[in-house]
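Asker: Start counting the sequence shown at 3; every next residue gets the next number (my numbering).
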Amino acid sequence: MSDSAAPSPNNLDAFWMPFTANRQFKSNPRMLVSAKGMYYTNIEGQQILDGTAGLWCCNAGHAEPRIVEAVAKQIAELDYAPSFQMGHPKAFELAARVTSMFPAELDHMFFTNSGSESVDTALKIALAYHRARGEGTRTRLIGRERGYHGTGFGGISVGGIVANRRTFGTMLTGVDHLPHTHLPEKNAFSRGVPEYGAELADELERIVALHDASTIAAVIVEPIAGSTGVILPPKGYLERLRKICDKHGILLIFDEVITGFGRLGTPFATDFFGVKPDLVTLAKGLTSGTIPMGGVICSKEIYNAFMTGPDNMIELFHGYTYSGHPVAAAAGLATLDTYKEEGLFERANALAPYWEDAVHSLKGTRHVTDLRNLGLIGAIELESMPDKPTVRAVNAFKKCYEKGVMIRTTGDIIALSPPLIAEKNHVDQIFETIRSVLNEIE
Ligand code: PXG
Numbered sequence: 003m004s005d006s007a008a009p010s011p012n013n014l015d016a017f018w019m020p021f022t023a024n025r026q027f028k029s030n031p032r033m034l035v036s037a038k039g040m041y042y043t044n045i046e047g048q049q050i051l052d053g054t055a056g057l058w059c060c061n062a063g064h065a066e067p068r069i070v071e072a073v074a075k076q077i078a079e080l081d082y083a084p085s086f087q088m089g090h091p092k093a094f095e096l097a098a099r100v101t102s103m104f105p106a107e108l109d110h111m112f113f114t115n116s117g118s119e120s121v122d123t124a125l126k127i128a129l130a131y132h133r134a135r136g137e138g139t140r141t142r143l144i145g146r147e148r149g150y151h152g153t154g155f156g157g158i159s160v161g162g163i164v165a166n167r168r169t170f171g172t173m174l175t176g177v178d179h180l181p182h183t184h185l186p187e188k189n190a191f192s193r194g195v196p197e198y199g200a201e202l203a204d205e206l207e208r209i210v211a212l213h214d215a216s217t218i219a220a221v222i223v224e225p226i227a228g229s230t231g232v233i234l235p236p237k238g239y240l241e242r243l244r245k246i247c248d249k250h251g252i253l254l255i256f257d258e259v260i261t262g263f264g265r266l267g268t269p270f271a272t273d274f275f276g277v278k279p280d281l282v283t284l285a286k287g288l289t290s291g292t293i294p295m296g297g298v299i300c301s302k303e304i305y306n307a308f309m310t311g312p313d314n315m316i317e318l319f320h321g322y323t324y325s326g327h328p329v330a331a332a333a334g335l336a337t338l339d340t341y342k343e344e345g346l347f348e349r350a351n352a353l354a355p356y357w358e359d360a361v362h363s364l365k366g367t368r369h370v371t372d373l374r375n376l377g378l379i380g381a382i383e384l385e386s387m388p389d390k391p392t393v394r395a396v397n398a399f400k401k402c403y404e405k406g407v408m409i410r411t412t413g414d415i416i417a418l419s420p421p422l423i424a425e426k427n428h429v430d431q432i433f434e435t436i437r438s439v440l441n442e443i444e
């Protein structure tokens, strides 16, 4: 073995980084080494304010003592236990706690390890549910343009981000897509939920007319499309989707991987919009990003449809080695305790008007073509540089990082989602930094 191939902490070569420009990153790495509260510390010792809760996940802030302690204790007490034909108490406790946060009919939870697995699980449950009820012809799945549902084959099939799909073959068959709801010509600079576009939900009627309801299993949407650059549902849109699904016996799946656990100042987007789905996918904020864990919430009716054969039969042939992992379950329980004891959903709700004003204070700033907000989510859409899409936003990201603020970009959109422990001074620092950066960059 040559010296250059020897393992070394300074050798960045072996790690093929996800969703990253690997060669560019490795020539000028941004390396984070610790985190506490609202701040990361990088390898140079600089404090970086977390404007994104990691990747929309660290809702309780970093190194929250309750979670740190619970994880350390759990790993010493019970490091692993199978969930196939066995169990351990914390997974049951967590499922009961999480489902108790939903309306009464949404009362069962299946554990996964990520948002992508939650999405695949929800799609599989939807298909198997219809079959269990004798409607096995319902095999089509409907997603939405610009939707993001993770990177499994199910998720990219129903997802609508072209770059995530085009190099991966034909994916699942029998999938169709609703149009996205980004209407900047009508809704630009809306504060909160935009006024126009509820009728886009009626496109589901067109899809039903084309394929026939008897072939359609489920519709999956993010209540707020996050990864694609924060696209909000127009007023009345989700209600209309719900109605059309009900009319045709189609299951409605809300992907709440980023909207769940207080991001909108309510426990879930389901509460915020007052629309009840049949299945909900979760991850990220479930453990505040500390230990990988996801889950699918489903209704009593769906669960009961499976509980019909002889009771020695496995009802759903699906699951993961780490479904309900004890360390993740302990992290989840401590995270829920933290949300409750610190009143973090209420805090997010109380900060939201200040956040909205801060987002919209960027109106008129150089390059800004639209501003969007809801709860503690913000989006700043920039005019693309001629023939160089994404370059302006990436430059803004790099400059903000140099100035000590972590933002996320997708296309030429800056997306913001701070931990729910954020205070006004953090909000000020985020937006002052972005303002000065936008004034500096080409
Ligand atoms: N559904 C939704 C709505 C998501 O936002 C996933 C599923 C997949 O989760 P996993 O845990 O498999 O990654 C996501 C993930 C970003 C960003 O910058 C967003 C996600 C992940 C990474 C970055 O917007 N969302």
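Each residue gets a CB set at the ideal place from its N, CA and C atoms; glycine is no exception.
Contact defined as beta carbons within less than 8 Å: I believe G117 pairs with K286. What is the distance between those atoms, to the nearest angstrom?
Answerer: Within the sequence shown, the letter at position 115 stands for residue 117. Within the sequence shown, the letter at position 284 stands for residue 286. Sure, about 7 Å apart at Cβ, within 8 Å.
Asker: If you draw a straight line from the alpha carbon of T54 to that of R265, how long is it in whole angstroms?
Answerer: The residue you call residue 54 lines up with position 52 of the sequence shown. The residue you call residue 265 lines up with position 263 of the sequence shown. About 11 Å.
Asker: Does DSSP put A7 in a helix, in a strand, or in coil?
Answerer: As a working mapping, residue 7 is identified with position 5 in the sequence shown. Its pLDDT being 49, under 50, A7 is placed unreliably in this model, and the value from its coordinates should be taken loosely. In this structure, A7 counts as helix in the three-state DSSP scheme.
Asker: Out of curiosity, what's the CA-to-CA distance linking F270 and G262?
Answerer: For the purposes of this step, residue 270 is taken as residue 268 along the sequence shown, with counting starting at 1. For the purposes of this step, residue 262 is taken as residue 260 along the sequence shown, with counting starting at 1. Looking at the two C-alpha atoms, the distance is approximately 5 Å.
Asker: Just grab the DSSP bridge partners of E383 for me.
Answerer: Here the question's residue 383 lines up with position 381 in the sequence shown. Under DSSP, the beta-bridge partners assigned to E383 are D372 and I415.
Asker: Thinking just about the alpha-carbon of each residue, which of R25, K126 and T43 is nearest to the one in F308?
Answerer: Within the sequence shown, numbered from 1, the residue matching residue 308 stands at position 306. Ranking R25, K126 and T43 by CA distance to the CA of F308 puts K126 first.
Asker: Do you know how far the Cα of P186 is from the Cα of G150?
Answerer: On the sequence shown, position 148 is the one that residue 150 refers to. On the sequence shown, position 184 is the one that residue 186 refers to. Strictly speaking, residue 150 in this sequence is Tyr, with Gly absent from that position. In a straight line, the C-alpha of Y150 is about 20 Å away from that of P186.
Asker: Are the segment 350-360 and the segment 383-403 touching by the rule of at least three beta carbon pairs closer than 8 Å?
Answerer: no
Asker: Under the rule that 16 or more other beta-carbon atoms within 10 Å means buried, what is N375, buried or exposed?
Answerer: Your numbering for residue 375 matches position 373 in the sequence shown. By the neighbour-count rule (16 or more Cβ atoms within 10 Å), N375 is buried.
Asker: Suppose contacts are defined by Cβ-Cβ distances below 8 Å. Is S301 in contact with L180 by that definition?
Answerer: What you label residue 301 is simply residue 299 of the sequence shown in a count that begins at 1. What you label residue 180 is simply residue 178 of the sequence shown in a count that begins at 1. Result no, Cβ atoms of S301 and L180 do not sit closer than 8 Å.
Asker: Can you tell me the Cβ-Cβ gap for I77 and A333, rounded? I've got them flagged as a contact below 8 Å.
Answerer: Translated into positions along the sequence shown, residue 77 becomes position 75. Translated into positions along the sequence shown, residue 333 becomes position 331. 10 Å between Cβ atoms; not a contact.
Asker: Can you grab the Cα-Cα spacing for the pair P236 / I226, in whole Å?
Answerer: Walking along the sequence shown from the start, residue 236 turns up at place 234. Walking along the sequence shown from the start, residue 226 turns up at place 224. Here the C-alpha atom of P236 lies approximately 10 Å from the C-alpha atom of I226.
Asker: What do you get for P20, buried or exposed, if any count of 16 or more other CB atoms within 10 angstroms of its CB means buried?
Answerer: Counting from one through the sequence shown, the residue named residue 20 turns up at place 18. P20 should be labelled exposed.
Asker: Could you check whether the Cβ of T453 sits closer than 7 Å to any heavy atom belonging to the ligand PXG?
Answerer: Beyond the ends of the chain as shown, which are 3 and 444, falls residue 453; an answer cannot be given.
Asker: If I follow the unbroken alpha helix (DSSP H) through N427, where does it start and stop?
Answerer: In the sequence shown, counting from the first residue as 1, residue 427 sits at position 425. Taken as a continuous stretch (DSSP letters only), the alpha helix (DSSP H) holding N427 covers K426 to E442.
Asker: Under the three-state reduction of DSSP, which class applies to F112: helix, strand or coil?
Answerer: Within the sequence shown, numbered from 1, the residue matching residue 112 stands at position 110. The answer is strand: DSSP assigns F112 an E or B state.
Asker: Pop quiz: A2 and L346 are said to be a contact at Cβ under 8 Å. What is the actual Cβ separation, rounded to whole angstroms?
Answerer: This structure cannot settle anything about residue 2, because the visible part of the chain is limited to 3 through 444.
Asker: What does the Cβ neighbour count give for I45, buried or exposed, with the cut at 16 atoms within 10 Å?
Answerer: Translated into positions along the sequence shown, residue 45 becomes position 43. Exposed is the call here.
Asker: Give the secondary structure of D214 by DSSP, where H, G and I count as helix, E and B as strand, and everything else as coil.
Answerer: Here the question's residue 214 lines up with position 212 in the sequence shown. D214 falls in the coil class under three-state DSSP.
Asker: Within 7 Å: the Cβ of W18 and any heavy atom of the ligand PXG?
Answerer: Translated into positions along the sequence shown, residue 18 becomes position 16. Because no heavy atom of the ligand PXG lies under 7 Å away, the Cβ of W18 does not count as near it: no.
Asker: Return helix, strand or coil for S159, following the three-state DSSP convention.
Answerer: Counted from its first residue, the sequence shown places residue 159 at position 157. Residue state, collapsed to three classes: helix.
Asker: Under a Cβ-count criterion, where at least 16 other Cβ atoms within 10 Å of its own Cβ denotes burial, should I299 be classed as buried or exposed?
Answerer: Here residue 299 is taken as the residue at index 297 of the sequence shown, counted from 1. Taking all protein chains in view, the Cβ of I299 is crowded by 16 or more other Cβ atoms within 10 Å, so the residue is classified as buried.
Asker: For the beta strand (DSSP E) holding I144, just list the boundary residues, first then last.
Answerer: By 1-based counting over the sequence shown, the position of residue 144 is 142. I144 -> beta strand (DSSP E) spans R142 to R146.
Asker: Could you check which residue in N30, L80 and P105 has the C-alpha nearest to that of D517?
Answerer: Not covered by the structure: residue 517. The range shown for the chain is 3 to 444.
Asker: On the CB-based measure, 16 or more other CB atoms within 10 Å of its CB, does V361 come out buried or exposed?
Answerer: By 1-based counting over the sequence shown, the position of residue 361 is 359. By the neighbour-count rule (16 or more Cβ atoms within 10 Å), V361 is buried.
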